[in-house]
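What follows is a set of notes on a single structure, which appears directly below.
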């Protein structure tokens, strides 16, 4: 059974990630109905996540899943930074396809899943199938990085 994610859940996830998980994260939840662009100035001392979503939809599950996936990339960055491998992070995140890219994205999805699970534990929402839906969507996204032959 597919659970619908209300728009307000995105806002609560933003508060959770910005206040409870990462001290240096900024998030822009951007409802769209048309094209949009957003500029992040160079040298920003904060990690930034932008989530574009269609406010007219009743189900925001994909936006929520992508949001936590991007938060997984923040955890990855912190891991690479701790190992002083910042350049390696950029090399991999900028790859288009391939096994290395798939493994990198898989790790971000797994980190995102951990964060989503923490959020859901503290959430007032009915969340019986959200993690299963996340896994299905993550698998589909990870497969999109496979080398095409």
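Numbering (our numbering), first residue to last: 2 to 150.
Glycine is no exception: its CB is placed at the ideal position from the N, C-alpha and C atoms.
*Looking only at DSSP bridge pairs, what is residue 54 linked to?*
Partner(s): 32.
*For residue 27, which residues does DSSP report across the bridge?*
49
*asked:* Assuming residue 116 and residue 18 are in contact, meaning their beta carbons sit under 8 Å apart, how far apart are those beta carbons, in whole angstroms?
replied: 7 Å
*Rounded separation between residue 76 and residue 112 - CA only*: Near 7 Å, if we compare the C-alpha coordinates of residue 112 and residue 76.
*Would you grab the beta carbon distance between residue 32 and residue 63 for me? Rounded to a whole angstrom, and I think it's under 8 Å.*
Going by Cβ atoms, the distance from residue 32 to residue 63 rounds to 14 Å, so no, they are not a contact pair.
*Measure the alpha-carbon distance for residue 131 versus residue 83 and round it to whole angstroms.*
31 Å
*Whole-angstrom Cβ separation of residue 70 and residue 6, contact assumed at under 8 Å?*
So it is not a contact: roughly 14 Å between Cβ atoms.
*Spatially closest choice to residue 22 from 88, 91 and 72, by CA coordinates*: 72
*Mind checking residue 11: buried by the 16 CB within 10 Å criterion, or exposed?*
With 16 or more Cβ atoms within 10 Å of its Cβ, residue 11 is classed as buried.
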